[in-house]
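Under the working numbering, the first residue of the sequence shown carries the number 1, and numbering increases by one thereafter.
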Amino acid sequence: MNLLSWLDRFGGGLLVLAFTLVVGYVFYWIIVVFPRRVKATFAGLAAKGYHACAPEDPLLTGILAKGAPLFPVDPLEDKPIPAWTVQLAMVKGDRIVANAFRTQMDRLPHYSTRQGTTMLIDTFSMPLDAEFHLVPAKRVHSVQWEKRHGLQAVATGLDSELLARYEVYARPDQPGVLPPALIQALLKVHPVLADRSAFCYQRGASLRFQPQCWGVCTTNPIYRAEDLDRLLEAADAIATALKSVPAHSGGTARA
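What follows is the structure in structure tokens.
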């Protein structure tokens with residue numbers, strides 16, 4: 001039997017087997033490997049001084065409800081935004097790092113979309129008088145900023161380099177300032193948050209600053225320790241910049 005005859009006889013079966021193995025591996029990765037890696041990565045935070053927090057802790061859920069950044073993908077216009085369900089949470093001082101998911105119903109009957117994120121929130125008092133949202137520029141997102149959230153793009157009055165690297169949104173009735181130290185920190189960490197080669201930042205990231213807290217969320221859960229370390233370093237740079245600004249001193253970069 002020559003090669004062509006052998007392929008003609010067994011090729012179809014081999015293709016079906018190969019396809020089945022690939023699909024099986026993908027499902028095994030999603031259902032078994034990925035959750036284990038996420039859990040192991042979060043467990044590694046214990047060595048950095050973090051301790052576990054119960055996902056149902058009322059204080060935790062309250063902070064997430066008030067301070068969670070806007071996920072870069074909104075549900076369809078006629079669908080409500082579901083609340084996040086926390087799977088894992090670690091706490092250190094005034095910082096929370098959580099892995100959460102939400103399930104939203106699509107237009108098709110019995111069809112839903114699951115979104116997951118790694119979220120970091122610092123809850124110390126901020127030198128800010130208004131609320132700001134930022135996402136890395138030139139990253140695909142589908143947030144209905146104005147229609148659903150009452151936010152408008154800030155196109156002038158901010159540092160030009162910041163506007164080149166981030167899309168900035170604020171409430172039109174709450175003019176405020178971004179301290180120069182915070183702007184410099186945001187420019188410094190931009191390469192991390194806009195790194196599309198990392199799975200967790202495939203659609204960028206989303207940041208939210210308020211007088212009582214600030215936070216950042218990824219567009220996919222972090223499962224690699226090196227990616228979580230980079231996020232923590234970026235968060236430390238932002239937190240250090242915020243803490244260096246005297247309360248209510250504001251800045252010169254007006255939104």
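In this text, a Cβ means the ideal position worked out from N, Cα and C, and glycines have one as well.
- Exposed is the label assigned to S125, since fewer than 16 other Cβ atoms lie within 10 Å of its Cβ.
- In summary, I238 is buried, with 16 or more beta-carbon neighbours lying within 10 Å of its beta-carbon over all protein chains present.
- In the three-state DSSP reduction, C217 falls in the strand class (E or B).
- The residue among A40, F71 and L128 with its C-alpha nearest the C-alpha of P180 is L128.
- Cα atoms of K48 and R230: separation of roughly 14 Å, rounded to the nearest angstrom.
- S206 counts as buried, since at least 16 other C-beta atoms from the protein chains shown sit within 10 angstroms of its C-beta.
- A residue is called buried when at least 16 other Cβ atoms come within 10 angstroms of its Cβ; T41 meets this threshold and is buried.
- A buried status is given to R165, since no fewer than 16 other beta-carbon atoms sit within 10 Å of its beta-carbon.
- In the structure shown, L70 falls within a coil segment according to DSSP collapsed to helix, strand and coil.
- Following the DSSP letters along the chain, one finds V168 inside the beta strand (DSSP E) bounded by residues Y166 to A170.
- Counted as a single uninterrupted DSSP element, the stretch harbouring L151 is not any alpha helix (DSSP H), since DSSP gives it neither H nor E.
- Going by C-alpha positions, Q202 is about 7 Å away from D195.
- Here Q115 carries a strand assignment [DSSP, helix/strand/coil].
- Here the C-alpha atom of A68 lies approximately 13 Å from the C-alpha atom of P82.
- Only buried fits D227, as 16 or more other CB atoms lie within 10 angstroms of its CB.
- Residue pairing for K92: DSSP places it in a beta bridge opposite R95.
- Membership of P136 in the beta strand (DSSP E) is indicated by the continuous run F132 to P136.
- DSSP places Q184 within a helical segment (H, G or I) once states are collapsed to three.
- The alpha-carbon of E167 is positioned some 11 Å away from that of S160.
- Residue range A205 to F209 is occupied by the beta strand (DSSP E) that includes R208.
- With 16 or more other CB atoms across the displayed protein chains lying within 10 angstroms of its CB, L120 is buried.
- Fewer than three pairs of CB atoms, one per stretch, sit closer than 8 Å, so the stretch 186 to 195 makes no contact with the stretch 53 to 65.
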